[in-house]
Amino acid sequence: MEQDRKNRIRAYIEAHTDEMIEDICALCRIDSVKGEAKDGMPYGEGPYRALMAAKDLCERYGFATKEYADRVVSADLNSGERCLDILAHMDVVAPGDGWTVTGPFEPVTKDGTIFGRGSSDDKGPAVAALYAMRAVKELGYPVSKNCRLILGSDEECGSSDIQHYYAVEPEAPMTFSPDAEFPLINVEKGQFRGELTASVGKGEGNRRLISFVSGDTINIVPGKAEAVVAGFAEAEIRAALNAVMNEIDADYELSFEYDEEQSETVIFAEGAPAHASTPENGVNAGVILLQLLAQLPFDSEEMVTAIQGMARFFPFGDHHGAALKIDICDDLSGYTSVSPDIFRGDSSSLSVRFDARTSVAATEENTILAAKACAENAGFVFSFDFNPAHAVAEDTPFIHTLLSAYTEVTGKEGRCVAIGGGTYVHGLQNGVAFGAVGETTDTHMHGPDEFMLISELQDAAVIYALSICELCR
Ligand SMILES: [Zn+2]
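According to this note's numbering, the sequence shown is numbered sequentially starting from -4.
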């Protein structure tokens, strides 16, 4: 019986795969990058057009739809009691450069793969969920409770869309979002972004910092850093450089150019960029250069204090924030991660902005106040924002049902995963991310040549249909 249901649903999805691909490509042809707000189009024309195109699809397949503030569209499987929400989005990130297979908004199908912006994030998965609802309905499986597909249009730029939806609708008892990878993400770390700033009186004297620049994006480990200092002898710079090279054992380059006439030195560091949620995968060039600057005897004592203080809080390789006293760890989510991503300095100021992904056990007390105390005691001005972690219990019928549908379809073991980033369900009580991309597939989300495997779309549609049959019975 179970086996029979899975096979019938798979046969339905296979028979409708061409149609599903056409629907995905039609949505991917719409450039739905956030644009300037217009009347009735709060995120610009593209996101709104994609949202309306998706609404038309839902209606074409017989689902009652509803619009929310020109930002969100919902489609109901039936008029039963609210039970399961599926949360996906129609907006996309900017295409960027480097597309080789096709243009970002000219989707093509090739070798069992759809290429195009939005194919995997998140138009393809959204349509797979819609086809799962179609399969349940058209095959006539008995579902007395409702499954609602909720489509947003501003996920990539802060998810303000979904706030409008939840301002007027309650959260369903269960929610999943096909906006990530299988098997299932039930824990998302919190986000704690802080800035340490020191103003140093413009010191007299010759030995001074002219500029220090590393990083320009708050969630990326900086791969490059550059500083200009004046007034030092070449031998002093070399001694500082050697001290750092002796101390820090990693794969990086550190070099300088000395201009004898100006007695100015430009110092370069090159490491490797990485996402801030996994700083151990990169080599932070800003930290390396900071450690070198901390070796130099600037004339301004305030500058020396500020640089050495900052260097103490961000030693090389401290990915958990031990020096800031925020290295909290728990079984659910592991350690807090910390990545100092943007450094700026000149003769009168020094600042660093860091991106920490906090573990479930991190609190205002043990994390925010701890870091604040460290920074302020060392003379820095501290500012921050904090969005605590999201965690949904593993051992519930909801999670068991999703994971067994996953195993039934793929033959792979189902398990819960914790991640450092946040997904669409971060603010929900009982929301998890569930597919649609396969566990080991990198679909170049947010990069050039984004793609989605058609076999993974089919698997996802079958998994979602089985989940709906069970949960909405
Ligand atoms: Zn997404």
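Where is the CB? At the ideal position from N, CA and C, for every residue including glycine.
My assumption, with CB atoms under 8 Å, is that residue i sits in contact with residue j. Please give the rounded CB distance.
i	j	result
I25	A48	6 Å
P335	V278	Wrong, their Cβ atoms sit about 13 Å apart, outside the cutoff.
E265	K219	5 Å
K29	D149	7 Å
I463	V138	7 Å
M305	L285	6 Å
F187	M128	No, F187 and M128 are not in contact; Cβ-Cβ is about 38 Å, not under 8 Å.
A431	P37	Not a contact, Cβ separation roughly 27 Å.
G107	L448	6 Å
P274	S332	6 Å
H11	Y136	No, H11 and Y136 are not in contact; Cβ-Cβ is about 16 Å, not under 8 Å.
Please tell me whether residue i and residue j are closer than 7 Å, where the distance is taken between their beta carbons.
i	j	result
V427	A386	no
E259	A225	yes
A271	D211	no
A384	K132	no
L191	A370	yes
D18	L72	no
V182	L22	no
I157	A124	no
V195	A301	yes
N141	R77	yes
L249	M169	no
D341	S206	yes
M440	D116	yes
F263	E221	yes
H159	R66	yes
Give the straight-line distance between the Cα atoms of residue i and residue j, rounded to the nearest whole angstrom.
i	j	result
L204	P102	50 Å
I145	S155	14 Å
T97	E445	10 Å
R44	S172	22 Å
R112	A289	44 Å
P178	G35	38 Å
A460	I180	19 Å
D437	L345	38 Å
I213	I337	6 Å
I4	L134	8 Å
F227	R352	39 Å
N361	F429	31 Å
V420	P310	34 Å
Q453	D13	11 Å
Could you spell out where the beta strand (DSSP E) holding residue i opens and where it closes?
i	result
R203	203 to 209
C411	411 to 414
M298	Note, M298: premise wrong, no beta strand (DSSP E); alpha helix (DSSP H) at 296 to 308.
E62	59 to 63
V67	67 to 71
Classify residue i: buried if its beta carbon has 16 or more other beta carbons within 10 angstroms, exposed otherwise.
i	result
H84	buried
M240	exposed
V376	exposed
E31	exposed
H395	exposed
N209	The sequence shown places Ser at residue 209, not Asn. Burial call: buried.
T95	exposed
Q424	exposed
S74	exposed
D294	exposed
Mind checking which residues open and close the alpha helix (DSSP H) that includes residue i?
i	result
M158	With the sequence shown as reference, residue 158 is identified as Gln, and Met is not the correct amino acid for it. First-last of the alpha helix (DSSP H) with Q158: 155 to 163.
E(-3)	-3 to 10
L46	40 to 55
V96	Segment: none, V96 is in no alpha helix (DSSP H) and carries neither H nor E.
T396	392 to 405
V457	449 to 466
P268	It is not in any alpha helix (DSSP H) - P268 carries neither H nor E in the DSSP assignment.
I180	Looking at the DSSP string, I180 is not in any alpha helix (DSSP H); the run it does join, the beta strand (DSSP E), is 179 to 183.
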